[in-house]
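With my numbering as the guide, the letters of the sequence shown map in order to residues -17 to 484. Following: one structure in structure tokens, then a few remarks.
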Amino acid sequence: MIPPVASLLRVRGLPEQFSRGALGTQLKDLLSGGPMRWLLISNFMIDMRWFVSAAPSVLDADRVTVVHGEKSNPTSVSWMQQIAAGRPWVIHQARCPLQYGVHHSKAFLVQFDRGLRVVVHTANLIHQDCNCKTQGLWYQDFPRKDERSPQDNASRLFETTLSDYIAALRLPAREAQHAQQVIAQHDFSSARAHLIPSVPGYHQGAAKQKYGHMLVRSLLARQRFDPVFRRSPIVAQFSSLGSITGAWLSEFRESLAAGDCWDSNPSGSAGRLGPAADFRVVWPTVEEVKNSVEGWFAGCSIPGTHANVLKTDKGLSTPILQPFWCRFDGAPATAGRQHAMPHIKSYLRHSGQRLAYIVLTSHNLSKAAWGVLQKNNTQLHIMHYELGVLLLPSLEESYRRHRHFGFSCTAPASHKPAAAAQPSRVEFWAADGAAAGSSEALSTGAEKLEILLPYQLPPVRYGPQDQPWMTGVEFPGLDSQGLTIHQSFDRNSHYGHVEPDD
């Protein structure tokens, strides 16, 4: 079975129709299926006691490297060290050279005998994130290199980006060498996505295009899109909000709007896509948080301070983001996530229900994560480690023509997937039912691939009574658990859990 283009993590307690296929992925399923020769765990928050109860197979891995961002949580680090003791594990805190920078990337590299699985997702390794929240995930299996593996730069872009990112983590020398050896042994030429890393630093020259929103801009600028996407809407959805300015938001939107249109001949060009005529920001309302499965406590994982949510540019009275706010809504008809607050981060361009691209990532809306141009646009300043993927129909077309189409690390060696289809064109569409990830032929001859989104397109704008969620505000009322906001925060914790039985 070919994995969907992207999927959502399972939310515990949802009806079966919203818990299968692309709606019901579990991390433990991606960390099993055969002996794990090496496992790299990358995350921000890690409750390791909970994680090994949720995915016990990690304890059987031959070698484990943990990269975390728990620089202010000694209890979490202590639990990691306790579990690592006596095992072939290395625990590494990715240290950011810049104050306030964090290691926020969420990923796994899983080496099996037959290949390497790359998993990029949005969940912290804590109970609530993997059971109660809306999370996104992308993964792909890659085989070992052989004599036919291409060596050109374009075919090796995924490999070089991954290798560069791993080098930037500054792992202990032995672990860094091993990681690079594993990456170099595998063929990533069939990649269905572009990696989008952020690495702390002041990036100039060619390095300015290697990270953050400038990498997104560079990759989109190489693409030719259907003219239906000219000036089409752009959506930004995230779960944390930094201190932004109107000027930076314009800079960021310019990156999301990059790319050309084709003319009647798809190999030609009819000019730029141009800026979006409609820009929308998906951010939960106070009522959505209050009525969620976690109640008020869900808001702890949606950090947007009063100052940042209501921030204005100098001399103006309207908050920068006020014209763009849209409800999360959870796509109740197709995803059933209306009570599972979002921790997913997604950025996309669409025309109706058709998608030009989608970015699924750990990047929230902040200069620290995406980077900000400085020194007359000659330098990109980034503070955080982040990792995401850019999904494009053109990459999916190439994947379906590739000799490694359908490769699986965990399928029997004798298993051969169905011959790769060779559609003239692939189109991404927002899924209109629970059969997300399915495909069908369109009358145009293109193949329609459905991607499940946990919100409607176009997103629903705030009503007159809606308030954006803000941390640090004492909102009144009892939540879905019958608790006040203070009671909810006091009685809940992100750490110290054990995964219950299914």
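All residues carry an ideal CB built from backbone N, CA and C; glycine is no exception.
What residues in its chain sit with their C-beta under 6 angstroms from that of residue i, if we drop five residues either side in the sequence?
| i | result |
| --- | --- |
| Pro79 | Pro182 |
| Lys245 | Correcting the residue type first, residue 245 is Asp in the shown sequence and not Lys. If we look at Asp245 and ignore the five residues flanking it on each side, its Cβ neighbours are Ala252. |
| Lys190 | Met196 and Leu362 |
| Gln463 | Gly277 |
| Pro132 | Ser171 |
| Ala416 | For Ala416, the predicted structure reports a pLDDT of 45, less than 50, and the residue's modelled location is therefore unreliable. A value from the coordinates is still provided. Taken in chain order, the residues that qualify are Gln(-1). |
| Ser60 | none |
| Gly83 | Pro182, Met365 and His366 |
Which residue from the options puts its Cα closest to that of residue i?
| i | options | result |
| --- | --- | --- |
| Leu298 | Ser274, Thr227 and Ser214 | Thr227 |
| Ala413 | His345, His195 and His332 | His332 |
| Cys391 | Gly(-5), Met365, Arg2 and Asp11 | Asp11 |
| Leu91 | Trp451, Pro394, Thr466 and Leu369 | Leu369 |
| Lys327 | Ser14, Gln133 and Trp265 | Trp265 |
| Ala173 | Asp123, Arg2, Phe306 and Ala317 | Asp123 |
| Trp451 | Gln163, Asn273, Ala428 and Ser1 | Asn273 |
| Ser180 | Ala166, Ser171 and His195 | His195 |
| Ala350 | Lys430, Tyr381, Gly224 and Gly454 | Gly224 |
| Pro17 | Asp95, Gln110 and Pro(-14) | Asp95 |
| Arg407 | Ala313, Pro375 and Val34 | Pro375 |
| Asp448 | Glu141, Tyr339, Arg309 and Thr316 | Arg309 |
| Ala239 | Leu330, Thr360, Phe0 and Ile165 | Leu330 |
| Leu434 | Ala188, Asp128, Val354 and Ala313 | Ala313 |
| Leu377 | Ile340, Asp484 and Arg69 | Ile340 |
| Gly97 | Ala393, Pro441 and Ala150 | Ala393 |
| Ser232 | Ser54, Leu355 and Val371 | Leu355 |
Alpha carbon to alpha carbon, how far is residue j from residue i? Give it in angstroms, no decimals.
| i | j | result |
| --- | --- | --- |
| His384 | Thr426 | 23 angstroms |
| His325 | Leu(-9) | 11 angstroms |
| Met323 | Glu270 | 8 angstroms |
| Ile467 | Asp311 | 21 angstroms |
| Gly15 | Ser39 | 9 angstroms |
| Gln304 | Ala280 | 22 angstroms |
| Phe170 | Leu(-4) | 36 angstroms |
| Val100 | Asn25 | 14 angstroms |
| Ala418 | Gly3 | Residue placement at Ala418 cannot be trusted, given a pLDDT of 48 that sits under 50; what the coordinates show is reported in the next sentence. Near 7 angstroms, if we compare the C-alpha coordinates of Gly3 and Ala418. |
| Gln167 | Arg199 | 30 angstroms |
| Gln320 | Pro436 | 8 angstroms |
| Ala258 | Leu22 | 38 angstroms |
| Val(-7) | His479 | 16 angstroms |
| Ala203 | Ser237 | 9 angstroms |
| Asn358 | Gly241 | 23 angstroms |
| Gln8 | Val(-13) | 16 angstroms |
| Glu129 | Arg19 | 23 angstroms |
| Arg443 | Ile148 | 40 angstroms |
| Arg473 | Lys296 | 40 angstroms |
| Cys282 | Gln163 | 39 angstroms |
| Ala229 | Lys293 | 13 angstroms |
| Asp111 | Ala89 | 14 angstroms |
| Gln205 | Ala37 | 39 angstroms |
| Ser87 | Leu460 | 34 angstroms |
| Ala161 | Arg45 | 11 angstroms |
| Asp146 | Leu139 | 10 angstroms |
| Ser475 | Cys243 | 49 angstroms |
| Ile284 | Lys115 | 11 angstroms |
Of all the CB atoms in chain C, is at least one closer than 9 angstroms to the CB of residue i?
| i | result |
| --- | --- |
| His74 | The chain inventory of the structure shown lacks chain C, comprising one protein chain alone. |
Just to confirm before moving on: does the CB-CB distance between residue i and residue j stay below 9 angstroms?
| i | j | result |
| --- | --- | --- |
| Leu373 | Ala175 | yes |
| Leu342 | Thr104 | yes |
| Leu255 | Phe306 | no |
| Ser222 | Gly118 | no |
| Glu379 | Trp32 | no |
| Ile65 | Val34 | yes |
| His366 | His185 | no |
| Pro215 | Arg262 | yes |
| Gly353 | Leu5 | no |
| Ala338 | Phe207 | yes |
| Arg382 | Glu432 | no |
| Phe457 | Val268 | yes |
| Thr453 | Gly187 | no |
| Leu144 | Ile165 | yes |
Please list, in chain order, all residues of the same chain as residue i whose beta carbon is under 8 angstroms from its beta carbon, the five residues on each side excluded.
| i | result |
| --- | --- |
| Gln335 | Trp411, Ala412, Asp414 and Leu439 |
| Ile28 | Val48, His50, Glu52, Ser58, Met62, Asn106, Leu107 and Ile108 |
| His386 | Phe124, Pro125, Asp169, Ser171 and Ser172 |
| Arg152 | Ala76, Arg77 and Ala158 |
Leaving aside the five residues before and after residue i along the sequence, list all residues of the same chain whose C-beta is less than 7 angstroms from its C-beta, in chain order.
| i | result |
| --- | --- |
| Val455 | His288 |
| Leu347 | Ala218, Phe220, Leu223, Gly224 and Ile226 |
Any alpha helix (DSSP H) of 4 or more consecutive residues that is wholly inside the region 151 to 205 = 155 to 166 and 194 to 203
Give, in chain order, every unbroken run of the alpha helix (DSSP H) that is at least 4 residues long and sits entirely within the region 56 to 128.
-> 56 to 66 and 109 to 113
Taking the runs of the beta strand (DSSP E) that are 3 residues or longer, which of them lie wholly in the region 230 to 284?
-> 261 to 264
Pick out the complete beta strand (DSSP E) segments inside the region 412 to 467, 3 residues or longer, and give them in chain order.
-> 421 to 423 and 429 to 433
What residue ranges within the region 12 to 42 form continuous alpha helix (DSSP H) runs of no fewer than 4 residues, ordered along the chain?
-> 30 to 36
Starting from the N-terminal side, write out each stretch of the alpha helix (DSSP H) that is 4 residues or longer and does not extend beyond the region 335 to 359.
-> If one requires a minimum length of 4 residues, the alpha helix (DSSP H) runs lying completely within the region 335 to 359 are 349 to 352, in chain order.
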